[in-house]
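Peer 1: Starting off with a structure, shown below.
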Amino acid sequence: GSYSILPRLTKILYALPASSAQIERDFSVCGDMVTSHRGSLSKENVDMCAFLNRNEEYVDITQC
């Protein structure tokens, strides 16, 4: 029917963040990691550090 797109549209809309605050915090964390003293960090290491920072409540760093 003409409303068959509504379930897909609803899924997309609910997946979008309500504000940009979280992504701004994430970029800030990455910016703090990549400094002139740590300029040689690889993209993969920056990505992993950002992931761990964002999910620290789910990660037991003693197991890393």
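Counting in UniProt numbering, the sequence shown runs from 1 upward without gaps. For every residue, glycine included, the Cβ atom is placed at its ideal position computed from N, Cα and C. Since this is a predicted model, take the numbers as computed values, not measurements.
#1: So, Val46 versus Val34, is the Cβ gap smaller than 8 angstroms?
#2: For Cys49, I'd like the list of residues in its chain whose CB is within less than 6 angstroms of its CB, leaving aside the five on either flank, ordered along the chain.
#3: Excluding sequence positions up to five away, which residues of its chain have a Cβ less than 7 angstroms from the Cβ of Val29?
#4: What is the rounded straight-line gap between the Cα of Leu6 and the Cα of Leu16?
Peer 2: With the given structure in hand:
#1: yes
#2: Met33
#3: Ala50, Asn53
#4: 16 angstroms
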